[in-house]
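Let me begin by presenting the structure, written as structure tokens, before commenting on it.
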Amino acid sequence: MKLNAGLVAASCGLALASQPAAEVYLLPAREASSTATSLPAALARLVLLQRLAPTDQGPSSSDFPKDTSVEEVVSALNRFGKSTPPLFADGDDKAPSQLVVMLEGMTRGQMDDLGRTLGKGPAMTIPNPPSTSAHNDLVDFDFYGTGATNAAGCKAQQITNPHEKCWGGKQSAYAKLDFEKDSTLVGDVLQSLKKVSQRELQTTLVLLPSTANSGSWSDRSRELRRRQAEQVMTSVDQAAQAAVTNTAQNAYVLAPAQRILSCFPNENECASTTNNCSGHGSCMDKYAKEDGSTSKDACFVCHCLSTRSESGSLTHWAGQTCAKKDVSVAFWLFAGFTLALVGIVWLAISMLLNVGQEKLPGVIGAGVSRSR
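For the sequence shown, our numbering assigns the number 519 to the initial residue and increments by one for each residue that follows.
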């Protein structure tokens, strides 16, 4: 019996040792390294959450693994997490969007082939990766609690394009795909990532091999993580409802939350993204030919018009979505009137100061006879 128990334990140990580690690729890579850093699953989870969460709402100290020091957590986040914007950053420089793609059910050979396709090595590895059910909990509870968009049901071009409606106007998204069942979608996603600007999108690829482990991504209970995710999303929904109510009470026209492209390839995409130019214009090809036909390199943008209210006042609209009031005419009228008024006042004061300053004639008594 003792011999059989020892053989069973040895076989289990060999099985665990033969299982490949999960690999994490960062696109683009923040630093070049010849060897990948090995991180436990709980610490890798914090890196993924930090990349998906808003800049001011990253993981808290309560999320730190119990057997990991604060120095190790800070070092991992500084090395593999997303960069925080400078304190006095330019308002026009927007942080790139974040995308986390988890590919599960991969073999060792498939992971090696994907690494050669990417032309780089993994940034970090996760030995003894958790089970498939743990992957589902990570997505359903932890990723969901960051407020990011679940883009698993979208097309490849929509997953890799932060401007698509699939993202819902948010700065981060995630997708968990099965490498075998969604092999075509996975290939399309990888091809689309090559065409995406690195300034607009940063991608984290998590390659998860098939495993018989029963581990988890977190040392906290599943029920606790579920309640925390529900609390976070409840507060987000309340804040969103309050924002919608305040917007409805105001008479201002707001631009859409998503970032607007400077050029659209066709009129339909321009109209749908800009909400038909906010109802204050129409989409037109900026480089259209004289006969009205579109050019080879079409660039559809909003051509803003003017609207007249019931009281008869004329309002000019401007901006990429024609959602901003054009106050340039009113500004120049006010500026011109102000300059004219200042000129008139200055001229009047100068005339008053010059009164009595003229020289008298040289002979005052000329033409006056002397009395006898």
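All residues carry an ideal CB built from backbone N, CA and C; glycine is no exception.
The structure displayed is predicted, hence computed values, not measured ones.
Backbone CA spacing between Pro472 and Ala641 [nearest angstrom]: The chain is shown only over 519 to 890; residue 472 falls outside these bounds and no answer can be derived.
Exposed unless 16 or more other CB atoms sit within 10 angstroms - verdict on Ile677: buried
Beta carbon of Asp731 nearer than 8 angstroms to that of Asn646: With the sequence shown as reference, residue 731 is identified as Asn, and Asp is not the correct amino acid for it. Yes; because the gap between Cβ atoms is below 8 angstroms, this pair is in contact.
Inter-residue Cα distance where the pair is Val618 and Asp700: 16 angstroms
Own chain residues within Cβ distance below 8 angstroms of Gly799, not counting five before or after: Cys820, His821, Cys822, Leu823, Trp835, Cys840
Opposing strand residues paired with Val542 [DSSP bridges]: Met642, Val724
For Gln568, the nearest candidate out of Phe598, Pro546, Val588 (CA to CA): Phe598
Buried or exposed (CB count within 10 angstroms, at least 16 for buried), Pro546: exposed
Residues near Asp706 by beta carbon distance below 7 angstroms, same chain, minus five either side: Ala674
Contact check, Leu621 vs Val704, beta carbons under 8 angstroms: yes
Bridge partners - Gly799, DSSP secondary structure assignment: Cys822
First through last residue of the alpha helix (DSSP H) which encompasses Leu779: Where Leu779 is concerned, there is no enclosing alpha helix (DSSP H), given that its DSSP letter is neither H nor E.
C-alpha distance - Asp844 paired with Trp850, whole-angstrom precision: 12 angstroms
Helix, strand or coil at Val714 [DSSP, three-state]: coil
Rounded separation between Leu557 and Gly627 - CA only: 22 angstroms
Inter-residue Cα distance where the pair is Met869 and Thr792: 57 angstroms
Ile644 classed as buried or exposed, judged by whether at least 16 other C-beta atoms fall within 10 angstroms: buried
Neighbourhood of Trp735 by C-beta, 6 angstroms cutoff - its chain only, sequence neighbours within 5 removed: Ala559, Arg563, Pro648, Ala652, Leu656
Identity of the residue in Thr586, Leu723, Asn872, Ala613 nearest Phe697 by Cα: Leu723
DSSP state of Tyr692 mapped onto helix, strand, coil: strand
Bridge partner(s) assigned by DSSP for Ala836: Lys842
Three-state secondary structure (DSSP) of Ser736: coil
Sub-8 angstroms separation of Met624 and Leu708 beta-carbons: no
Three-state class that DSSP yields for Ser593 in the structure shown: helix
Pair within 8 angstroms by beta-carbon distance, Phe661 and Tyr692: yes
Val565 burial status per 10 Å Cβ neighbour count (16 or more: buried): buried
Closest by C-alpha distance to Thr635, when choosing among Glu590, Phe818, Leu711: Leu711
Those residues which DSSP pairs with Glu622 across a bridge: Asp696, Leu726
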